[in-house]
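Notes to accompany the following structure.
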Amino acid sequence: MADIQSPVPGTFYQRPSPEDAAFKSEGDAVAVGDTIGLVEVMKSFIEVQAEAAGTFAGYSVENEAAVSAGDVLATLK
Amino acid sequence: MSIQRLFIANRGEIAVRIVRAAKSLGIHTIQAHSEADAEMLAVRMADEAVCIGPAQAAKSYLNVYAVVKAAKDAGADAVHPGYGFLAESPRFARAVTEAGMIFVGPSADTIQSMGDKVSARQAADTAGVPVVPGSDGRIDDMDEAAEIADRIGYPVMIKASAGGGGRGIRIAENAEELAKFAPQARQEAQAAFGDGGIYIEKVIREPRHIEVQILGDGTRAVHCFERECSLQRRRQKVWEEAPAFDLPEGTREAMCNSAVDLAEAVEYCGAGTVEYLYDPRADRFYFIEMNTRIQVEHPVTEMITGLDLVALMIRVCGGEALPITQDQIKLNGHAIEVRLNAEDPLKKFMPFPGVVGTLSLPESDGIRVDHFLYEGYQIPPFYDSLIGKLIVHADTREDAIDKMATALDTLEISGLKTTIPLHKALAKSPEVRAGRIHTQWLEPWLDAGNLTSGTGGAS
């Protein structure tokens, strides 16, 4: 199990845009550097990237949730 | 009917500014805030505060229904929209009015017509305000395109009439290039938008951005001179001055008078800004757009005129006639404002929503800091990174730049990364001092590495 944490506080998005599917779904392979979500901070969008490889276990917070820096956004198994 | 209970539908430094102005007029203030903004300075200062929804702006400050309902429930008789958020939403202005309250700004119809590029250009043209010369609509005939380009002069820009966002724009330096590029632009527009219509417009090279502050009461309008806002990054103003530098007096007069003509033509009520592109080589100016709100950079105008623009807009929108005439508005000295953003300018302007540590603001004659900070305040990450504005006033532009440099050295906002180093470097720049700047100057200057921890004076 590995946690993917938010690098900054803001609003978390699971999808690149409202019309698109989520970056990852349960069971997807995740490589180091893969983008798993976006955090909107002060009108800027920061990509959240995996720092370890693994299998995507799911998002830990809802789409458009307010998050703090360090909050767990998703987990890998 | 004058305003008694004002609802402030905004946040941050402009909310603080509006609360102050309303209090100076003896008006009861009701401050709106999101769940994330319960601790903001304007909430602490206002007579009352009302939560209008969750942190995300779309669910609070941008929610027309929630804002209007909160204002109505709080017994407000007027709503001040500030800038950004719903300030230029005709739907919001209409909803406020239909709920029986005063919208502190022009009518929904004026906002709508000025918010649409085509109708704004037409209104300006009708009022005799110069617009960027162009084809005035789509052209499908290439001979006609060549004739128009000859008339307005090269270089010209070729744009798809159906497109937007700068897609497919080409610049032709001469007739040969136009003959080559125009058919390409047509083809591309046809492929991308299913419509091969194009239009052409004169290219203004290295333009300056100069804008005129106006105030109107619905019948009469006055100008409060102009501001120079040519230092921009990603189309965001960074450093603003009043008046514009090295502007021939006749041009200043023509610019200011045409802004008044436009304001009167649209029966403007409140504070507004007419923006122009200025071509310094040709000494010509062209209408860009009209902003139907109070602007971030309004303090530089207040510094050179001594007027309280926010109080005045509240008074005229409350039904008073403009209490000043044009000849009472005098231009005195030179003012500069810099925008303080919670961003790290040395790291690609990465946002930095931290907790405010020690706060030490310069205090002396001719220095003003508009902000919403206090020590221990956690800046929410959900909104714009603007945390304040440092404004200085002196007799001359030279002195104002010196004063800005000194004020920046004494200003301390610890706990955050801010754009202070950028402003320190700009205040030291010989090109800024000589006025050799235009709207496309700052970004290449940054790309060339002119801002470092050394030039930014970071300690």
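These protein sequence lines map, in sequence, to chains A and B. In terms of the working numbering, the first sequence opens at residue 1 and continues consecutively. In terms of the working numbering, the second sequence opens at residue 1 and continues consecutively. By construction, the Cβ of each residue, glycine as well, lies at the ideal position given by its N, Cα and C atoms. Since the structure is predicted, the reported quantities are computational estimates derived from the model, not experimental observations.
- Here the stretch 359 to 371 of chain B does not lie against the stretch 427 to 443 of chain B, with fewer than 3 beta-carbon pairs under 8 Å apart.
- A residue is called buried once 16 or more other Cβ atoms fall within 10 Å of its Cβ, and tyrosine 65 (chain B), having fewer, is exposed.
- Taking one beta carbon from each stretch, the stretch 264 to 284 of chain B and the stretch 103 to 122 of chain B have 3 or more pairs nearer than 8 Å; the two touch.
- Histidine 438 (chain B) sits in coil when the DSSP states are folded into three classes, being neither helix nor strand.
- Taking a cut-off of 8 Å on C-beta distances, the stretch 231 to 244 of chain B touches the stretch 291 to 311 of chain B, as three or more cross pairs fall below it.
- Cβ proximity to chain B below 9 Å picks out Glu40, Val41, Met42, Lys43, Ser44 and Ile46 from the stretch 40 to 63 of chain A.
- Valine 39 (chain A) places its beta carbon 8 Å or farther from that of leucine 76 (chain A).
- Between aspartate 283 (chain B) and valine 338 (chain B), the alpha-carbon positions lie close to 26 Å from each other.
- For asparagine 63 (chain B), the closest C-alpha among the options B:Asp77, B:Ala93 and B:Val43 is that of B:Ala93.
- Of all residues in the stretch 383 to 411 of chain B, the ones placed with a Cβ closer than 8 Å to any Cβ belonging to chain A are Tyr383, Asp384 and Ser385, in chain order.
- When 9 Å is used as the limit between beta carbons, proline 18 (chain A) is near no residue of chain B, the shortest such separation being about 11 Å.
- Uninterrupted alpha helix (DSSP H) stretches at least 4 residues long and entirely within the stretch 44 to 86 of chain B occur at 64 to 73, given in chain order.
- The three-state reading of DSSP puts arginine 94 (chain B) in helix, counting H, G and I together.
- Rounded to the nearest whole angstrom, the C-alpha separation of isoleucine 324 (chain B) and leucine 422 (chain B) is 38 Å.
- At least 8 Å separates the CB of glycine 27 (chain A) from every CB of chain B.
- Legend: CB atoms of the stretch 341 to 364 of chain B lying less than 9 Å from CB atoms of chain A belong to residues Asn341, Ala342, Glu343, Phe349, Met350, Pro351, Phe352 and Pro353.
- For alanine 55 (chain B), the chain A residues whose Cβ falls inside 7 Å of its Cβ are Ala66, in order along the chain.
- Taking every protein chain shown into account, the CB of glutamate 253 (chain B) has fewer than 16 other CB atoms within 10 angstroms, so this residue is exposed.
- Look at the stretch 268 to 283 of chain B: it has no residue with a C-beta under 7 Å from a C-beta of chain A.
- In the three-state reduction of the DSSP assignment, methionine 42 (chain A) falls in the coil class.
- Proximity of chain B to proline 9 (chain A) at the Cβ level (cut-off 7 Å) is accounted for by Pro353 and Pro381, in chain order.
- Per DSSP, the continuous beta strand (DSSP E) segment holding isoleucine 391 (chain B) begins and ends at 386 to 394.
- DSSP, read as helix, strand or coil, puts leucine 346 (chain B) in helix.
- The stretch 110 to 126 of chain B makes contact with the stretch 75 to 94 of chain B: 3 or more CB pairs, one atom from each, lie closer than 8 Å.
- The alpha-carbon separation between valine 132 (chain B) and phenylalanine 285 (chain B) amounts to approximately 8 Å.
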